[in-house]
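Asker: One structure follows; several queries about it will come next.
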Amino acid sequence: MEILSKRSFDFPPPQKEGCDVLIIAGEHSGDEQAARMLRGALRKSPDLKVCAFGGRKLEEAGARLLFDMTGFSVVGLMEVLENYGFFKALHSAIAEWIKKYSPKSVCFVDYPGFNLSLANELRKMGVSRKGGGSVKLLYYISPQIWAWKSGRRFKMEKNLDALGVIFPFEKACFADTSLPVSFVGHPFMSDEFLPSVEYSADAPVLLLSGSRPKAVGRIFPAMLEAFRLSGADRAAALYPTKEIGKILEDSLKKYPDLSQRVKLIPRGQEKIFAKAVLTSSGTMSLECCLAGIPGAIVYRANPITYFVGRALVKIGYLGIANIILNRPAWREFIQFDAKPSKIADHLRKCLEPEAAKEAAENARLLKDSLRSPENVSASDWLVAEFDS
């Protein structure tokens, strides 16, 4: 993505009846999870009036989309610094919209760098309840305080009214705060969730390099080279946007011998089958793990971002499935370890029958961990918190 320029914003007003819930989701994965939550909430409360700074999934689910933020997601310290002016202007414009139109509640979804700062600003402006105003601040899909910057929990306590978490161990992370925290189960465990991937021994290798352009530009070439070296017969590479698709296409042009063996597929509604997967560390990596697909996590960050992150992050794994199981159930190839030859060696092992049996058992253990024992969904939580 090109460096974004500072700009002014002119967002439309809410519906004439006002806005009950404003959802803010800045990335594709957050947009999808928020849309799933919203669909369930609207079934329970059909009259709920919802606006969103998010993406097309939220719009399709029933929200009035004020601005599509998903096309501007960035990752890493350097990318954030490069686009600081743009995000500062967007941050201020959203805060002013909330002040002007006073939605009854705001539900932040993931995207912590932006959303936590905005929550803090709304308190200082006197707009939120914690700041003496009327707007209730909710947060769905907590920042990973268990991985780094655990002190953020106290800022969250100061600014937020309720938090819905999707991993069972996260409630304990806030035990020393007064913030109400509910484990609402992982969205992949909801009844309406339709898996987009499934294991099949006859399918191609799946290449999932992510949704953030600069990260994809670093990760996909390593995946392509690893696939070529592995000797696997065919692969499918999914992309969420035309911009990502162009990056994949440009990378594939450098491997003319793979042009007939690697198919680029826009991510849509059809289920994708795979016998093995190479995936970045995002939401899709967990979905592939839950589907019992053998594979590996491949990730390369900007070198400065990597070294800063390595100094701050206090966990042993990057993939959430490995964190939950507390072992490298899916092999991780991170930064300098992400050498195509090493990845290729592991990919060959993933194509063996025993690898599929092991992945299926790991998937069963994961599912048991990610179900809400109280059977409270994110939709239930959103409706209950809005009404309180």
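Mind the numbering: the sequence shown is residues 0 to 387 in numbering that gives the first Met the number 0, read in order. Where is the CB? At the ideal position from N, CA and C, for every residue including glycine.
1. Which residues does DSSP pair with Gly163 in a beta bridge?
2. For Ser127 and His90, which I take to be in contact (beta-carbon distance under 8 Å), what is that distance rounded to the nearest angstrom?
3. Based on DSSP bridge pairs, tell me the residues matched to Asp67.
4. Please go through the region 312-368 and give each complete beta strand (DSSP E) segment of 3 or more residues, from N-terminal end onward.
5. Would DSSP call Glu197 helix, strand or coil?
6. Tell me whether the beta-carbon of Leu247 lies closer than 8 Å to the beta-carbon of Leu263.
7. Give the C-beta separation of Thr278 and Ile296 to the nearest angstrom, bearing in mind that I take them to be a contact with Cβ-Cβ under 8 Å.
8. What number of angstroms, rounded off, separates the C-alpha of Phe8 from the C-alpha of Thr69?
9. Per DSSP, which residues does Ser104 bridge with? Please list them.
10. Pull up the distance between the alpha-carbon of Glu58 and that of Trp380, whole angstroms please.
11. Near Cys349, which residues of its chain fall below 6 Å by C-beta distance, leaving aside the five closest residues on each side in sequence?
12. Under a three-way DSSP split, which group does Ala202 fall into?
13. Mapping DSSP to helix, strand and coil, what is Ile303?
14. For the 8 Å Cβ check, are there 3 or more pairs between the region 97-108 and the region 22-38?
15. Output the distance between the C-alpha atoms of Asn114 and Ala231, rounded to the nearest integer angstrom.
16. Which partner residues does Ser127 have in the DSSP bridge list?
17. Mapping the DSSP letters down to three states, classify Leu76 as helix, strand or coil.
18. Can you tell me whether Pro265 is helix, strand or coil according to DSSP?
19. Apart from the five residues just before and just after Ala358, which ones in its own chain have a Cβ nearer than 7 Å to its Cβ?
20. Any contact of the region 151-166 with the region 189-202, i.e. 3+ C-beta pairs under 8 Å?
21. So the beta strand (DSSP E) Phe272 belongs to, where does it begin and stop?
22. Can you give me the Cβ contacts of Pro179 inside the same chain, cut-off strictly under 6 Å, excluding the 5 residues immediately before and after it?
23. Is Pro339 buried or exposed, if buried means 16 or more other CB atoms sit within 10 Å of its CB?
24. Residue range of the alpha helix (DSSP H) that Ala234 falls in?
25. Kindly indicate which three-state DSSP category Thr278 falls into: helix, strand or coil?
26. Measure the C-alpha to C-alpha separation of Pro186 and Lys366 and round it to an integer number of angstroms.
27. Take Ser44 and list the residues in its own chain whose beta-carbon comes closer than 7 Å to its own, dropping the five residues that flank it on each side.
28. Can you give me the C-alpha to C-alpha distance between Pro372 and Val183, rounded to a whole angstrom?
29. Using only alpha-carbon positions, find the residue among Ala377, Ala273, Ser133, Lys253 that is nearest to Val196.
30. For the alpha helix (DSSP H) containing Gly29, list its first residue and its last residue.
31. Near Ala60, which residues of its chain fall below 6 Å by C-beta distance, leaving aside the five closest residues on each side in sequence?
32. Are there 16 or more other CB atoms within 10 angstroms of the CB of Phe335, so buried, or fewer, so exposed?
33. Going by alpha carbons, who is nearest to Arg330 out of Asn301, Arg370, Ser284, Arg363?
34. Please state whether the Cβ-Cβ distance between Ala51 and Leu64 is less than 8 Å.
Answerer: Reading from the atomic positions:
1. Here the question's residue 163 lines up with position 164 in the sequence shown. In the DSSP output, where bridge partners are listed per residue, Gly163 has Tyr139, Ser181.
2. As a working mapping, residue 127 is identified with position 128 in the sequence shown. As a working mapping, residue 90 is identified with position 91 in the sequence shown. About 15 Å separates the two Cβ atoms, so there is no contact after all.
3. Mapped onto the sequence shown, residue 67 falls at position 68. In DSSP, Asp67 forms a bridge with Gly53.
4. Those beta strand (DSSP E) runs which fall completely within the region 312-368 and span 3+ residues are 330-333.
5. Along the sequence shown, one-based indexing puts residue 197 at 198. Note: Glu197 maps to strand in three-state DSSP.
6. Within the sequence shown, the letter at position 248 stands for residue 247. Within the sequence shown, the letter at position 264 stands for residue 263. Contact: yes.
7. Stepping through the sequence shown from its first residue, residue 278 is reached at position 279. Stepping through the sequence shown from its first residue, residue 296 is reached at position 297. Going by Cβ atoms, the distance from Thr278 to Ile296 rounds to 6 Å, so yes, they are a contact pair.
8. Here residue 8 refers to the residue found at position 9 of the sequence shown. Here residue 69 refers to the residue found at position 70 of the sequence shown. Whole-angstrom Cα-Cα distance: 16 Å.
9. In the sequence shown, residue 104 corresponds to position 105, counting from 1. Paired residues: Val20, Lys135.
10. The residue given as residue 58 occupies position 59 in the sequence shown. The residue given as residue 380 occupies position 381 in the sequence shown. When rounded, the distance between both Cα atoms is 20 Å.
11. One-based indexing of the sequence shown puts residue 349 at position 350. Only Ala275, Pro293, Gly294 meet the Cβ criterion.
12. As a working mapping, residue 202 is identified with position 203 in the sequence shown. DSSP places Ala202 in coil when its eight states are reduced to three.
13. Along the sequence shown, read from residue 1 onward, the residue named residue 303 stands at position 304. Helix.
14. yes
15. Along the sequence shown, one-based indexing puts residue 114 at 115. Along the sequence shown, one-based indexing puts residue 231 at 232. Straight-line Cα distance between these residues: approximately 42 Å.
16. Walking along the sequence shown from the start, residue 127 turns up at place 128. For Ser127, which the question treats as bridged, DSSP gives the partners Val134.
17. Here residue 76 corresponds to residue number 77 of the sequence shown, with the count starting at 1. No answer about Leu76 holds up, because its pLDDT of 44 lies below 50 and its placement is not dependable.
18. Sequence index remark: in the sequence shown, residue 265 carries index 266 (1-based). Note: Pro265 maps to strand in three-state DSSP.
19. Translated into the one-based positions of the sequence shown, residue 358 becomes position 359. So the qualifying residues of the chain are Gly291, Ile292, Pro293.
20. no
21. The residue given as residue 272 occupies position 273 in the sequence shown. Note, Phe272: beta strand (DSSP E), 271-273.
22. Here residue 179 refers to the residue found at position 180 when the sequence shown is read from its first residue. If you ignore the 5 residues before and after Pro179, its C-beta comes within less than 6 Å of the C-beta of Ala161, all in its own chain and listed in chain order.
23. One-based indexing of the sequence shown puts residue 339 at position 340. Buried, by the Cβ-count rule.
24. Residue 234 sits at position 235 when you count from the first residue of the sequence shown. No alpha helix (DSSP H) holds Ala234; the beta strand (DSSP E) holding it covers 234-238.
25. Taking the first residue of the sequence shown as position 1, residue 278 is located at position 279. Correct three-state label for Thr278: strand.
26. Within the sequence shown, numbered from 1, the residue matching residue 186 stands at position 187. Within the sequence shown, numbered from 1, the residue matching residue 366 stands at position 367. Roughly 11 Å between the two C-alpha positions.
27. In the sequence shown, counting from the first residue as 1, residue 44 sits at position 45. Same-chain partners within the cutoff: Val382.
28. Against the sequence shown, residue 372 aligns to sequence position 373. Against the sequence shown, residue 183 aligns to sequence position 184. Those two C-alpha atoms are separated by around 9 Å.
29. Working through the sequence shown from its first residue, we reach residue 196 at position 197. If we check each option's Cα against that of Val196, Ala273 comes out closest.
30. Counting from 1 along the sequence shown, the entry for residue 29 is found at position 30. Start and end: 27-43.
31. Reading the sequence shown from its first residue, position 61 is the one you call residue 60. Around Ala60: Ala34, Leu37, Arg38.
32. Translated into positions along the sequence shown, residue 335 becomes position 336. Looking at its Cβ environment, which holds fewer than 16 other Cβ atoms inside 10 Å, Phe335 is exposed.
33. Here residue 330 refers to the residue found at position 331 when the sequence shown is read from its first residue. Out of Asn301, Arg370, Ser284, Arg363, Ser284 has the C-alpha closest to the C-alpha of Arg330.
34. Start at 1 with the first residue of the sequence shown, and residue 51 comes out as number 52. Start at 1 with the first residue of the sequence shown, and residue 64 comes out as number 65. Yes, the pair counts as a contact, with Cβ atoms nearer than the cut-off.
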